[in-house]
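What follows is a set of notes on a single structure, which appears directly below.
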DNA sequence: TTAGGGTTAG
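In full-length UniProt numbering, the protein residues as written are 1 to 657.
Encoded structure:
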C-alpha cells in the first residue's frame, strides 16, 4: 500500500476532553485564599498533603506559600517541592527549599540528597550538586549514581570518570545504573574517538566480569556507545549476544546502522524485527530511525510503506516522526510531498522542520528559495540554530550566491548571537572556493579564531580540484594528511588534481602513499529503487546479470551522443592509460550503469531516481544530460553533496557544483 | 528513588 499526504488518518485527532483547571478538585480558590500565611491556620489542616498535591499539579507558588504553615514537613513533601522546582527551572526557589530542608534537619537524608543532586544538575548548578554530595554522610548507591549522571551529562565528563575511579577505590558496589552513566561519560569525555573507544572497552570488560552485560539497559547503552564511535561490528556483537532485547535495543541497533553508512542493513534489521519479534512493536523512535535509513538509501518506495504504517499507528502526531518524514521525502527528491507535509503542520513546526526545508531547497539548487524560507522562519518567530546556518550557507554555496552567503555569515553573530563554528567556516570556504575565489577562501582560514577542522581544509581541497590549483591543494593536504591520515578520499582528490595537470609522477607518488598506508579508495557505488526493490551497481560491474544489456544500451547512447559532438571526458580517469581504455572505464561508471538499468526496467513516464555514494563524475553528468533529452526522461541523481535534476538536456545545477 | 534508542547539516 502506498501512502499519500492526503491519507484520511492525517485528519487531526479528536481533542481530549477539557481537563479540569489545576487543583480544582482539591481546593477552591476561596479555600486557598483563606490559607494564606497571614491567616490563622486550622490545626487540623493536612498541609503536607496539600503541598504535595499543589506541587504535583504544577502550582509551585501556592505550595511554597503554604510551606511555612506546616511545622513538620515530611520527606515526601520536600521531594515534591524539589521535583516541582526542577520542572519549573526555578533555581532561586529550589535553593530556598534546600535551605528550609536543612533547617528541618533533612540534610543527612540520602533520599532527598539524590533528589537535590538531580535538581541542581537539571538547573546546571553542578557545584551545588557536588556540595550536596559532599555533605551527605551516608552515600547510598543512589547518591553516587545521581552525581555520576550529573557529571556525565554535563560538559565535565572527565570528572565523572574520576568519580567512577573514586567509587572503585572506596569499594562502592556499582550497579547497572552506574555502568550506564559511566559509559555515557566515556562518549562525552573525549572528542578523540580512539581514547573514548578505549574507555568504553575498559568499562565493557568490567561489566562483563561483574555480569552486568546481560542487563538490557547496559547492553543497549553499549550498542549505542559503539554506534556513536562508528564501531558497528562491536555494536553488532553486543546486540547479537544480548539475552534479552526490547524495542529500545532494536532501535539502538537500527539507528547504529542508519547513522554509520549502513542504511540497507538498517532496513534489513527493521524488517527482521517486524517479522521475528511479535512482542516488539516499533514506536516513534524506531520509525524515525527506519525513516532515516530509507532516506539514506533514497528508497522512496520503502519510505512510503513506512509512512502508511505511521499513519495507521497514529505516530504522525509526534513531531519528531513528522520531521523525519519531511526529511525522508526531501532526501528522496520528493520536494512537493515534503512541502505539502510541511504546509499541513502550521503551528507546530519547530526549527528542525524549517531546517529540513531550507537544506532541501539548497540541495536541489534553489538557493534563493532557501534564503526566502530562512527569512520566513525568522519572521514566524523561530530562532535559527547553528544547523540552520549550515543549511542556508550550504544552499548559497550550491547556487553560487556568494554575497548573500557572506551577508548571512556576518548576521550569524551580529544579529542572532551565534558564534560560527568550524562547520560554518567550512561552508564559507566551500562557497568562495567553488566560485573560484580561492585566495579569499584561504584568507578566511587564516583569520579563523578556532582551529580549522578537516572539513575546512577538505572544502579548500575540493575547490582546488574544481579550479585546478595544485599548490594550494598541496598546502591543504599537508594539514589534512596530519589531521586525518587514514582518510583515503583526500589522497584520491590530490591525485585527481595532479592527474588533471598531467603530473603523472606526482600521481604515482600519492598512490604509493595510499599503498604504504594500506588505505583504499572508497569504491564508487550507485543504486536505484525499481518497484520497491533496491539495485546497486559498482564500477565495471561484471557480476551484474544484466551487464551486457546495460553496456549495449550505453554504447548505443554514446554513439548517438558523439554524433551530437560529445567527447568523452577521459581526464576524470586517474590512470595513465590509452584513450580507448579510458573510454571503456568511463562507460562502466556505476552511475551510468544505474541510469541504463533505470531506462530498461522502469515505466516510461517514471522519474529515474539514482543515488551515488560519491560526487557525481563530470563525464556521467554530461552523459545523463544527453540521455534526459534523447530518451525524454526526467532523471534525478542524489550524489554525496546535492541533487542533480536532469530534464530536457539540462541539469538543475546548471553545471555549477 | 535512578537507566537505554530518535528528527535537521557536514
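We treat Cβ as the ideally placed atom computed from N, Cα and C, and that holds for glycine.
None of these values were measured; they are calculated from a predicted model.
Apart from sequence neighbours up to five positions away, the residues of its chain that approach residue 101 with a beta-carbon distance below 6 Å are 78, ordered along the chain.
Taking C-beta atoms as the reference points, residue 645 and residue 364 count as a pair closer than 8 Å. Around the beta-carbon of residue 657, 16 or more other beta-carbon atoms lie within 10 Å, marking it buried.
The alpha-carbon separation between residue 466 and residue 434 amounts to approximately 7 Å. Fully enclosed alpha helix (DSSP H) runs of no fewer than 4 residues occupy 454-467 of the segment 449-478, in order along the chain. Contact annotation: the segment 429-446 does not touch the segment 412-421, with fewer than three C-beta pairs closer than 8 Å.
Under the DSSP definition of a beta bridge, residue 636 partners with 609 and 645. In the structure shown, residue 247 falls within a helical segment according to DSSP collapsed to helix, strand and coil. Across the set 404, 348 and 382, the C-alpha of 404 shows the shortest separation from the C-alpha of residue 371. DSSP lists 526 as the beta-bridge partner residues of residue 537. Residue 657: not part of any alpha helix (DSSP H); DSSP gives it neither H nor E. Burial is judged here by how many other beta carbons sit within 10 angstroms of a residue's own beta carbon; residue 282 has at least 16 and is buried. A straight line joining the alpha-carbon of residue 327 with that of residue 515 spans about 39 Å.
The alpha-carbon of residue 619 is positioned some 50 Å away from that of residue 218.
Residue 116 and residue 132 do touch by the CB rule: their CB atoms are close to 5 Å apart, below 8 Å. In this structure, DSSP gives residue 567 a state outside helix and strand, which the three-state scheme calls coil.
Counting every other CB atom within 10 Å of its CB across the protein chains shown gives residue 412 a total of 16 or more, marking it as buried. With contacts defined as CB atoms closer than 8 Å, residue 524 and residue 589 qualify as a contacting pair.
If you check the CB distance, residue 201 and residue 189 do not come in under 8 Å. Of the candidates 427, 637 and 272, the residue whose Cα lies closest to the Cα of residue 395 is 427. In terms of CA proximity to residue 389, 354 leads the group 379, 354, 366 and 381.
Cα atoms of residue 268 and residue 120: separation of roughly 43 Å, rounded to the nearest angstrom. With distances taken between CA atoms, residue 493 lies nearest to 510 out of 510, 502, 505 and 484. Judged by DSSP in its simplified three-state form, residue 351 adopts helix. Non-local beta-carbon contacts of residue 613 in its own chain, meaning distances under 6 Å to residues more than five positions away in sequence, involve 525 in chain order.
Residue state for residue 510 is assigned as helix, using DSSP reduced to three classes. Looking at the DSSP output, residue 651 shares a beta bridge with 646. For residue 416, no alpha helix (DSSP H) segment is defined, and its DSSP state is neither H nor E. Listed in chain order, the alpha helix (DSSP H) elements of length 4 or more contained wholly in the segment 312-343 are 319-331. Ranked by how close their Cα comes to the Cα of residue 186, the residues 407, 71 and 229 have 229 in first place. Residue 180 and residue 137 have their C-alpha atoms spaced approximately 25 Å apart. A check of alpha carbon separations from residue 410 across 151, 424 and 398 identifies 424 as the nearest.
In this structure, 82 is the residue among 82, 105, 135 and 134 with its C-alpha nearest to the C-alpha of residue 95. Nearest to residue 274 by alpha-carbon distance, out of 286, 528 and 469, is 286. Residue 167 sits in a helix when the DSSP states are folded into three classes.
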